Each structure stands twice: as structure tokens, then as C-alpha cells.
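One structure is given below, encoded as C-alpha cells.
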Amino acid sequence: MTHHDQHGHRHRDRTEPAPVLALDIGGTKLAAGVVRADGEALAFAVAPTLVQDGPDAALKRLLDLGRVVLSRTGTAPGELLGVGVGCGGPLNAQSGVLIAPPHLPGWVNVPIVELVRDTFGRPAVLDNDGTAGAAGEWRFGAGHGSRSLLYLTVSTGIGGGAVLDGRTFRGAAGNGGEPGHVLVRSGGRPCVSCGRRGCLEAYASGTSIAERAREAVADARAAGRDTVLGGCDPLTAADVSAAARRGDPVAVAVWEETVAALGSGLTTLVNVFEPEVVVLGGGVTRAGEQLLGPVRRMVAEQAMGPAAAAARLTLASGGDRAGVLGAAAVAFERLGPTTGLAP
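My numbering applies: residue 1 is where the sequence shown begins, and numbers increase by one.
This is the structure we're talking about:
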């Protein structure tokens, strides 16, 4: 139970678990929220990252954003269980250092946990945003109540994570669970992120969908064929899915290749991990059943029988707050009474 004082500030009942401050660091935007143990975001705010301004300016914006959401809820830092931070890797989850995330140029060996701890005076933890996303969907979202979950965010790139037998999977160096780098076509398109050829990310990410569509438009023009995609500038994955729904043959071919790659990659992952739930999030999944339907059918037909029967494919539930809910989930996990990873 909660009550509010004469100024409208929310006060926590002593029996209610302490909330956390959750911070999400993306290449385009920063987000912060005060999140309760049941996943309710009491306050949520975003700000542009503006990576061109350098890490110091962005870090100041991030910490100011944290102060803003605390102020909005009338929560003093001392009332928090702690602070969770989610960010793309590579990073060191144990030491709380961002090593050199490619989406944050100039952010080299940033001691983010130390900065956050010094600012708010509470324990803080850092995790890969894919790992955090998996923890968030398992604790609060589409995978609630399951024992094992795979999470993929299909966006600019493809990231993700896993919860296996009720424990968040991190790997030996804290950056494990990279579903975007499952091989779907030997000797195929180069993967910008890892350098191999034929990775899932090289076919199903938003970046790849747009890139392959541009190539397909050029081929169509050379052959004297029309396509509505030729009028899209800049051409995006959303343009491809929309044109495919309208039956444009060039868009349909690109979309079918995308779906086939995602279905192939997920079939491999489902065979390996035999999860109860596979959760798909990220901007590309705004296509909804146009993406999920055929992928679900492919996994059902191609995965090993028991694994295919066990796995339920669904869309993520976190929406634009997914990063913040993920950061909150790892904070509750690692700072709560039973910790899964020493902070």
C-alpha cells in the first residue's frame, strides 16, 4: 500500500519492496525509470544520446534523467534498492565497465557503475541490454511464469539473451547469449558486427533488410521492372514490410528471405535450448503477424519434435519501456535477497 503527502509525493508502505532506478543507454536515446518489484514504472523519461557530443555530455544527461524520474515520484535515492544499468556490449558486468560499445563511439572503459553509485549513493549493477531484455520479459513480460526463455531484439542489429532453468544466462565473460550471430547461410553476406559471413544479423536486422532492398531495387531497375520501393528515400525495413503487404514483388522477395533467415536461426536456437518461450522484440517486429506467423510455422515444421512442441513464440510486451524494464529486472535479480550474480 502507498500513500501521498500534501504535495502529491508518493510514499512507499514499509511492507512494499523497495523500487529501483533503471537506466538504459542506447546509441540514439537514453531512458530512465523508477520501477517497482511488480514491474510498474512509476515514472519514465527519455532524452537523446547525442553521441557526437562525447561521453561526458551523454553521461551527464543520463544521470540528470535519473534525478528527474526520482523527483517525479518523490523518491529519495536512499529509498531505492539500487540502480540497474543496461547497455550494449562489449562490457564487463562484474566490474561495471563499458569496454567499447560500437554504438557509443568514444566510450572506452567507462566505469559506469562507479559513476552511478557515486551519484545516487546506492548499489548499482550493469548488464548487456540483450541480457537485461531477456530478464525483463521473463520477470515482468511475455515470459512471466516460464522456466526457460529466449529473447531476440530484431532492430538495427540483432541482440538478445536467455533465461535458462530460471537463471539469467550471461556466459563466461558476461556477454553471452548473442542470437544474432547464429549462422543461417554459410559463406553468405558479411556481418558488420562480428566479421563472419552468413550471420542471422546479416539477413534479418533492420539494417540488412534495408540494404538488401536497395540492392533489389537496383536489380529491378536494371531489368526494367518497377517497384514502389524505388520511391522510398531513405528506404527502411518498415517500407519493405509495408510494400510486401501490398504485394510488391521486389518487397515480397526481400521479406521472404528475411523471414526464412529468422526462421532458420530460431529453429537452431530452439533445438539447442528447448525453451518454453521465444520472445521477439525490436523495431522490425512492428510488422506483427506478418513476421511472427511464418516464422512460427517454420519453427513448428523444422525444429526437433519435442523442442517445437515446447516452444511458444510471441512478441515482446515491454514496448518503448523495454530497456528500462530490463535494467530494472537485473537490478532486482542481482541486488535482491537472492542474487544471481555478485554486483
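Yeah, the Cβ is synthetic: ideal placement off N, Cα and C, and Gly gets one too. All figures in this text were calculated on a predicted structure; none of them were measured in a lab.
The continuous alpha helix (DSSP H) containing R296 extends over residues 289–302. The segment 180–246 contains no complete beta strand (DSSP E) run of 3 or more residues.
G27 is not bridged by DSSP to any residue.
If you draw a 10 Å sphere on the C-beta of R246, you find fewer than 16 other C-beta atoms in it, and that means exposed. Here G319 carries a helix assignment [DSSP, helix/strand/coil].
Contact annotation: the segment 155–163 does not touch the segment 106–125, with fewer than three C-beta pairs closer than 8 angstroms.
A134 is positioned such that its CB atom lies no closer than 7 angstroms to that of A93.
Going by beta carbons, P275 and A308 fall outside the 7 angstroms limit. Going by DSSP, G281 is part of the beta strand (DSSP E) stretching over 277–281.
In this structure, the CA atom of R61 is about 8 angstroms from the CA atom of T49.
Fewer than three beta-carbon pairs drawn from the segment 214–225 and the segment 175–195 are found closer than 8 angstroms, and the two stretches are therefore not classed as touching. R286 sits in a helix when the DSSP states are folded into three classes. Within its own chain, the residues whose Cβ lies closer than 8 angstroms to the Cβ of L315, once the five positions on either side in sequence are excluded, are A142, V279, L280, G281, T285, G288, L292, listed in chain order. Check the Cα spacing between L98 and each of V125, E211, L200: the tightest is with V125.
Taking the Cα positions, D127 is about 10 angstroms away from R334.
By a beta-carbon distance limit of 8 angstroms, V184 contacts S264. Their separation comes to about 5 angstroms.
Under the DSSP assignment, I99 falls outside any alpha helix (DSSP H); it carries neither an H nor an E label.
Inter-residue distance for E40 and A32 is about 13 angstroms (C-alpha atoms, whole angstroms).
Boundaries of the beta strand (DSSP E) harbouring A45: 41–48, taken from the DSSP string. Classified as exposed, V68 has fewer than 16 neighbouring CB atoms from the shown chains inside 10 Å of its CB. Non-local C-beta neighbours of G160 in its own chain, meaning closer than 8 angstroms and more than five positions away in sequence, comprise G130, G133, A134, L150, Y151, L152, T153, G177, E178, P179, G180, ordered along the chain.
Judged by DSSP secondary structure, R139 falls within the alpha helix (DSSP H) whose first and last residues are 129–139.
Here V228 has A243, D248 as same chain residues with Cβ atoms under 6 angstroms from its own Cβ, once five neighbours each way along the sequence are excluded. Judged by DSSP secondary structure, G265 falls outside any beta strand (DSSP E) and instead within the alpha helix (DSSP H) spanning 249–273.
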